[in-house]
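Numbering (the numbering used here), first residue to last: 20 to 367.
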């Protein structure tokens with residue numbers, strides 16, 4: 020019996036894995052020689068048991084060690100990632116991508132880590148690429164981007180070669196409607212290791228657990244959130260259309276609350292104002308927002324998330340304090356200038 024098969028039996032007995040066992044599992048999952056069905060059985064058994072925060076953090080450390088190092092250590096202590104787990108099937112617009120540009124315009128270093136759309140028509144990589152970012156830019160170019168643009172995008176497949184022999188298994192399980200630990204691992208393995216994280220999760224059940232994961236990974240400060248749309252429906256974002264379950268991490272770990280638009284002096288909106296589509300459609304939404312013609316709810320939601328980012332990174336004392344600066348960057352020309360600078364930077 021292989022090591023991974025043995026660990027599968029342990030999981031089926033509802034026993035948690037220890038750190039050394041997680042390392043063994045990570046090595047086996049990344050190995051070309053390990054049988055795909057054994058990998059699938061392991062991941063299914065782990066999901067059935069329920070992955071603990073300690074297990075997820077250990078797996079994140081194992082795959083962080085296997086990631087390509089982009090050499091951005093000098094930026095990491097001040098940088099932030101704005102990321103969602105995906106998988107909420109809400110059809111929402113790429114809020115986090117606009118928050119990246121807004122925060123970069125406000126002087127916050129942003130290290131965005133993501134992929135093309137898996138469960139949506141337009142993922143973060145798709146939209147940022149359409150706005151001028153070069154997904155296959157070498158790490159040296161991205162280091163300059165952090166200096167000159169204030170942000171960069173780490174295209175996940177380029178930095179995690181260890182996933183090459185896991186992806187087919189994930190796809191096969193997804194076709195069966197099965198979630199695995201890799202559905203929520205991505206936000207924890209940003210190769211730039213930013214010290215701050217805003218993490219949206221697809222289910223309220225994961226808010227506290229992922230906050231504990233980020234604390235175990237020694238995140239300086241962060242926020243984990245889920246927006247509740249209705250019974251059994253939600254989004255991996257803080258929005259002005261939802262009741263937002265939030266949990267602080269690191270410096271703000273005492274925060275545990277339910278936020279609404281009214282808590283920040285904003286008007287609630289209907290979720291339809293936050294809907295997105297394919298890449299072309301979402302670029303049109305970006306242009307409408309920057310022209311001052313975007314849906315009020317979407318503008319407020321981007322502004323609120325950027326204000327949260329300013330607060331998490333310690334630029335302002337409260338989320339409310341960050342709202343005016345965030346709105347000015349979004350609507351006052353800062354984001355438009357950032358998009359133009361991005362196109363010029365990557366076309367040079």
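Glycine included, each C-beta is placed from N, C-alpha and C at the ideal position. Fair warning: this is a prediction, and the values are worked out from it, not measured in the lab.
- Within its own chain, the residues whose Cβ lies closer than 8 Å to the Cβ of residue 337, once the five positions on either side in sequence are excluded, are 330, listed in chain order.
- In this chain, the alpha helix (DSSP H) harbouring residue 305 covers 298-309.
- For residue 262, the enclosing beta strand (DSSP E) covers residues 262-269.
- Put simply, of 188, 90, 351 the residue whose alpha carbon is nearest the alpha carbon of residue 213 is 90.
- Between the beta-carbon of residue 99 and that of residue 215 there is about 4 Å, and that keeps the pair under the 8 Å contact cut.
- Selection 47, 67, 41 evaluated against residue 32 yields 67 as nearest (Cα-Cα).
- DSSP, read as helix, strand or coil, puts residue 45 in helix.
- Of the candidates 118, 284, 42, 226, the residue whose Cα lies closest to the Cα of residue 263 is 226.
- Residue 131 carries a strand assignment under DSSP once its states are collapsed to helix, strand and coil.
- An exposed status is given to residue 306, since fewer than 16 other beta-carbon atoms sit within 10 Å of its beta-carbon.
- By the criterion of a C-beta distance shorter than 8 Å, residue 235 is surrounded in its chain by 72, 73, 76, once the five residues flanking it on both sides are discounted.
- Rounded to whole angstroms, the separation of the alpha carbons of residue 177 and residue 316 is 35 Å.
- Burial is judged here by how many other beta carbons sit within 10 angstroms of a residue's own beta carbon; residue 357 has at least 16 and is buried.
- Residue range 143-149 is occupied by the alpha helix (DSSP H) that includes residue 149, with no beta strand (DSSP E) assigned at that position.
- When the five nearest sequence neighbours on each side are left out, the beta carbons in the same chain lying within less than 6 Å of the beta carbon of residue 271 are those of 240, in order along the chain.
- Assignment of residue 319 by DSSP, reduced to helix, strand and coil, places it in the helix class.
- Sequence-distant partners of residue 346 (beyond 5 residues in either direction) whose C-beta falls short of 6 Å from its own C-beta, in its chain, are 322.
- With respect to residue 134, residue 295 sits apart: the two C-beta atoms are not nearer than 8 Å.
- 230 is the residue among 314, 230, 297 whose C-alpha sits nearest the C-alpha of residue 275.
- Scanning the region 202-250 for uninterrupted alpha helix (DSSP H) segments of 4 residues or longer gives 226-235, listed from N- to C-terminal end.
- The region 77-97 makes no contact with the region 246-259: fewer than 3 CB pairs, one atom from each, lie closer than 8 Å.
- Measuring C-alpha to C-alpha distances from residue 351 to each of 125, 324, 253 identifies 125 as the nearest.
- Residue 335 carries a coil assignment under DSSP once its states are collapsed to helix, strand and coil.
- Around the CB of residue 299, fewer than 16 other CB atoms lie within 10 Å, so the residue is classed as exposed.
- A buried status is given to residue 255, since no fewer than 16 other beta-carbon atoms sit within 10 Å of its beta-carbon.
- In this model, residue 111 and residue 49 are separated by some 32 Å (Cα to Cα).
- Beta-bridge pairing by DSSP links residue 276 to 265.
- Under the three-state reduction of DSSP, residue 112 is assigned to coil, being neither helix nor strand.
- In the DSSP assignment, the residues bridged to residue 294 are 111.
- Judged by beta-carbon spacing, residue 360 lies within the 8 Å limit of residue 168, meaning their Cβ atoms are closer than that value.
- The bridge partners DSSP lists for residue 171 are 130.
- Judged by DSSP secondary structure, residue 183 falls outside any beta strand (DSSP E); it is assigned neither H nor E.
- Residue 232 places its beta carbon 8 Å or farther from that of residue 199.
- Its Cα nearest to that of residue 303, the residue 141 stands out among 141, 26, 186, 119.
- Approximately 19 Å separates the beta-carbon atoms of residue 340 and residue 286; this is outside 8 Å, ruling out the contact.
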